[in-house]
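Working notes for the structure below.
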Amino acid sequence: MSHAWGSDHYLQLSNMTRSDRFPKVFETAKSLCRKPKRIMSFGCSTGEECQSLAKYFPDAEIVGVDINASNLYTARRNNKNPNIHFTDEINVTGKFDVVFAMMVLFCMDRPIPWERFEQTLVAIDRRLKRGGLLVAYTTEFALTTSEMIGNRYRPVREWERTHNKNNKIYYNGYYRKKWLWELGI
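Whatever position you read off the sequence shown (first residue = 1), add 3 for the numbering used here.
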(Lines of atoms letter the chains of each structure in order from A and count residues from 1; the text may use other names and numbers.)
(Lines give C-alpha, C1' and ligand atoms only; values in the text may rest on other atoms or scores of the structure.)
Protein backbone atom coordinates (compact mmCIF):
# COMPACT_ATOMS: atom_id res chain seq x y z
CA MET A 1 0.00 0.00 0.00
CA SER A 2 1.33 3.42 -0.88
CA HIS A 3 0.29 6.60 0.90
CA ALA A 4 0.85 10.23 0.05
CA TRP A 5 3.12 10.51 3.09
CA GLY A 6 5.07 7.31 2.69
CA SER A 7 6.25 4.59 0.40
CA ASP A 8 7.35 1.04 1.06
CA HIS A 9 10.55 1.99 -0.74
CA TYR A 10 11.46 4.25 2.20
CA LEU A 11 10.34 2.15 5.13
CA GLN A 12 12.92 1.52 7.80
CA LEU A 13 14.29 -1.98 7.56
CA SER A 14 13.95 -2.38 11.30
CA ASN A 15 10.92 -1.93 13.55
CA MET A 16 13.18 -1.78 16.56
CA THR A 17 11.29 -0.11 19.37
CA ARG A 18 10.77 -0.55 23.07
CA SER A 19 8.74 0.95 25.86
CA ASP A 20 9.72 4.45 27.06
CA ARG A 21 12.85 4.71 24.92
CA PHE A 22 12.73 8.55 24.81
CA PRO A 23 11.98 9.60 28.42
CA LYS A 24 13.81 12.96 28.27
CA VAL A 25 12.08 13.88 25.01
CA PHE A 26 8.67 12.89 26.40
CA GLU A 27 9.24 14.78 29.69
CA THR A 28 10.25 17.92 27.81
CA ALA A 29 7.21 17.63 25.54
CA LYS A 30 5.02 17.25 28.62
CA SER A 31 6.45 20.48 30.05
CA LEU A 32 5.80 22.29 26.74
CA CYS A 33 2.23 21.03 26.30
CA ARG A 34 0.72 20.44 29.70
CA LYS A 35 -2.82 19.20 28.95
CA PRO A 36 -3.08 17.99 25.37
CA LYS A 37 -6.38 16.40 24.42
CA ARG A 38 -5.12 14.55 21.32
CA ILE A 39 -1.65 13.21 20.50
CA MET A 40 -0.41 11.52 17.35
CA SER A 41 2.48 9.08 17.23
CA PHE A 42 3.50 9.28 13.55
CA GLY A 43 5.22 6.02 12.58
CA CYS A 44 4.06 4.27 15.74
CA SER A 45 5.50 0.86 14.76
CA THR A 46 4.12 -1.84 17.08
CA GLY A 47 2.60 0.61 19.56
CA GLU A 48 5.13 0.80 22.40
CA GLU A 49 5.56 4.54 21.90
CA CYS A 50 1.79 5.06 22.24
CA GLN A 51 1.73 3.03 25.45
CA SER A 52 4.62 5.12 26.81
CA LEU A 53 2.95 8.39 25.82
CA ALA A 54 -0.16 7.32 27.74
CA LYS A 55 1.92 7.26 30.92
CA TYR A 56 3.10 10.85 30.35
CA PHE A 57 -0.29 12.09 29.12
CA PRO A 58 -2.89 9.85 30.84
CA ASP A 59 -5.89 12.03 29.95
CA ALA A 60 -5.10 12.38 26.25
CA GLU A 61 -6.45 10.40 23.33
CA ILE A 62 -3.44 8.92 21.52
CA VAL A 63 -3.57 7.88 17.87
CA GLY A 64 -0.76 5.78 16.44
CA VAL A 65 -0.29 6.07 12.67
CA ASP A 66 1.79 3.56 10.70
CA ILE A 67 1.74 2.27 7.13
CA ASN A 68 2.91 -1.22 8.05
CA ALA A 69 -0.13 -3.51 8.45
CA SER A 70 1.81 -6.06 10.48
CA ASN A 71 2.91 -3.36 12.94
CA LEU A 72 -0.65 -2.15 13.32
CA TYR A 73 -1.94 -5.68 13.88
CA THR A 74 0.59 -6.15 16.71
CA ALA A 75 -0.16 -2.71 18.18
CA ARG A 76 -3.92 -3.35 18.21
CA ARG A 77 -3.55 -6.87 19.61
CA ASN A 78 -1.39 -5.65 22.52
CA ASN A 79 -3.43 -2.54 23.31
CA LYS A 80 -5.50 -2.57 26.48
CA ASN A 81 -5.92 1.21 26.80
CA PRO A 82 -9.26 2.62 25.55
CA ASN A 83 -7.60 6.03 24.96
CA ILE A 84 -5.18 4.59 22.37
CA HIS A 85 -6.17 3.91 18.77
CA PHE A 86 -4.22 2.84 15.67
CA THR A 87 -4.69 3.58 11.97
CA ASP A 88 -2.88 3.55 8.64
CA GLU A 89 -4.60 6.72 7.41
CA ILE A 90 -3.21 10.04 8.58
CA ASN A 91 -5.88 11.97 6.65
CA VAL A 92 -8.83 10.64 8.65
CA THR A 93 -7.44 11.22 12.11
CA GLY A 94 -8.60 14.78 12.85
CA LYS A 95 -6.48 17.50 14.48
CA PHE A 96 -3.91 17.07 17.24
CA ASP A 97 -2.32 19.15 20.00
CA VAL A 98 0.98 17.26 19.75
CA VAL A 99 2.55 15.14 17.01
CA PHE A 100 5.54 12.93 17.75
CA ALA A 101 7.71 11.84 14.78
CA MET A 102 10.35 9.75 16.51
CA MET A 103 12.99 8.18 14.26
CA VAL A 104 10.70 8.00 11.22
CA LEU A 105 11.79 10.97 9.07
CA PHE A 106 15.07 9.38 8.01
CA CYS A 107 16.39 6.18 6.48
CA MET A 108 19.79 4.73 7.39
CA ASP A 109 20.40 2.85 4.14
CA ARG A 110 18.99 5.23 1.51
CA PRO A 111 18.54 8.85 2.54
CA ILE A 112 14.99 10.09 2.04
CA PRO A 113 14.78 12.52 -0.88
CA TRP A 114 13.97 16.12 0.02
CA GLU A 115 10.64 15.97 -1.86
CA ARG A 116 9.45 12.94 0.15
CA PHE A 117 10.54 14.65 3.38
CA GLU A 118 8.57 17.79 2.46
CA GLN A 119 5.47 15.76 1.47
CA THR A 120 5.53 14.03 4.83
CA LEU A 121 5.89 17.32 6.71
CA VAL A 122 2.89 18.71 4.82
CA ALA A 123 0.80 15.66 5.82
CA ILE A 124 1.83 16.09 9.47
CA ASP A 125 1.23 19.86 9.36
CA ARG A 126 -2.37 19.33 8.17
CA ARG A 127 -3.08 17.31 11.29
CA LEU A 128 -1.48 19.66 13.86
CA LYS A 129 -3.59 22.41 15.45
CA ARG A 130 -2.44 26.03 15.54
CA GLY A 131 -0.30 26.45 18.64
CA GLY A 132 0.34 22.69 18.62
CA LEU A 133 3.71 21.06 19.20
CA LEU A 134 5.65 18.98 16.67
CA VAL A 135 8.31 16.79 18.28
CA ALA A 136 10.79 15.42 15.76
CA TYR A 137 13.67 13.13 16.71
CA THR A 138 16.24 11.92 14.18
CA THR A 139 15.25 13.55 10.90
CA GLU A 140 17.11 13.44 7.59
CA PHE A 141 17.06 17.22 7.22
CA ALA A 142 16.90 20.09 9.69
CA LEU A 143 13.23 21.02 9.86
CA THR A 144 14.01 24.74 9.87
CA THR A 145 15.55 24.38 6.38
CA SER A 146 12.10 23.35 5.15
CA GLU A 147 10.20 26.35 3.80
CA MET A 148 7.03 24.93 5.38
CA ILE A 149 8.51 24.55 8.85
CA GLY A 150 10.65 27.66 8.66
CA ASN A 151 7.64 29.84 7.87
CA ARG A 152 4.89 28.14 9.86
CA TYR A 153 6.64 26.95 13.02
CA ARG A 154 8.70 28.49 15.80
CA PRO A 155 11.60 26.32 16.95
CA VAL A 156 11.37 25.88 20.71
CA ARG A 157 14.59 23.86 20.92
CA GLU A 158 16.72 22.17 18.26
CA TRP A 159 19.81 20.01 18.38
CA GLU A 160 21.88 17.66 16.23
CA ARG A 161 22.99 14.16 17.07
CA THR A 162 25.40 11.76 15.44
CA HIS A 163 23.87 8.30 15.00
CA ASN A 164 25.98 5.53 16.54
CA LYS A 165 25.38 3.12 13.62
CA ASN A 166 26.43 5.27 10.64
CA ASN A 167 28.09 8.35 12.19
CA LYS A 168 25.74 10.61 10.22
CA ILE A 169 24.34 13.79 11.71
CA TYR A 170 20.58 13.85 12.18
CA TYR A 171 18.31 16.62 13.42
CA ASN A 172 15.92 16.90 16.36
CA GLY A 173 13.66 19.48 17.90
CA TYR A 174 10.44 20.81 19.36
CA TYR A 175 8.49 23.13 17.05
CA ARG A 176 5.41 25.21 17.90
CA LYS A 177 2.95 25.76 15.06
CA LYS A 178 2.37 29.49 14.72
CA TRP A 179 -0.99 31.10 15.31
CA LEU A 180 -2.54 32.93 12.34
CA TRP A 181 -1.72 36.33 13.85
CA GLU A 182 1.96 35.31 14.03
CA LEU A 183 1.82 34.62 10.29
CA GLY A 184 0.28 38.05 9.64
CA ILE A 185 -3.06 36.55 8.60
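Even for Gly, the Cβ is constructed at its ideal location relative to N, Cα and C.
Since this is a predicted model, take the numbers as computed values, not measurements.
For residue i versus residue j, is the C-beta spacing smaller than 7 Å?
| i | j | result |
| --- | --- | --- |
| L56 | I65 | yes |
| L183 | C36 | no |
| K40 | D91 | no |
| Y59 | K33 | yes |
| M111 | N71 | no |
| T142 | Y174 | yes |
In chain order, what residues of the same chain lie with their CB nearer than 6 Å to the CB of residue i, ignoring the 5 residues before and after it?
| i | result |
| --- | --- |
| I172 | E163 and T165 |
| E185 | none |
Among the residues of its own chain, which have a CB less than 8 Å from the CB of residue i, if the five just before and after it don't count?
| i | result |
| --- | --- |
| A78 | C47, S48, T49, G50, C53, G67, D69 and F89 |
| W192 | Here the chain comprises residues numbered 4 to 188, so residue 192 is not present and cannot be evaluated. |
| R133 | K180, K181, W182 and L183 |
Would you mind working out which of the options sits nearest residue i, comparing C-alpha positions?
| i | options | result |
| --- | --- | --- |
| G97 | D128, P114 and N71 | D128 |
| F45 | G153, D23, R155 and Y140 | Y140 |
| K27 | N154, Y177 and R41 | Y177 |
| I42 | A72, K83 and I93 | I93 |
| E30 | F103, P85, V95 and N81 | F103 |
Exposed or buried, which one is residue i when buried takes at least 16 other CB atoms within 10 Å?
| i | result |
| --- | --- |
| G187 | exposed |
| T148 | exposed |
| W8 | Per-residue confidence for W8 stands at a pLDDT of 42, beneath the threshold of 50, marking its modelled position as unreliable; the derived number appears in the next sentence. W8 should be labelled buried. |
| V125 | exposed |
| D23 | exposed |
| R160 | exposed |
For the beta strand (DSSP E) that residue i lies in, which residues bound it at each end?
| i | result |
| --- | --- |
| L35 | From DSSP, L35 is part of no beta strand (DSSP E) but of the alpha helix (DSSP H) over P26 to L35. |
| D128 | Careful: D128 lies outside any beta strand (DSSP E), inside the alpha helix (DSSP H) at W117 to R130. |
| R160 | Y156 to T165 |
| N108 | First, the residue type needs correcting, since residue 108 is Leu and not Asn in the sequence shown. Here the beta strand (DSSP E) through L108 covers F99 to L108. |
| R179 | I172 to K180 |
| T90 | I87 to T90 |
Over the uninterrupted alpha helix (DSSP H) stretch that includes residue i, give me the two end residues.
| i | result |
| --- | --- |
| E52 | E51 to Y59 |
Apart from the five residues just before and just after residue i, which ones in its own chain have a Cβ nearer than 7 Å to its Cβ?
| i | result |
| --- | --- |
| V107 | F45 and G46 |
| R130 | M43, I93, T96, K98, F99 and V102 |
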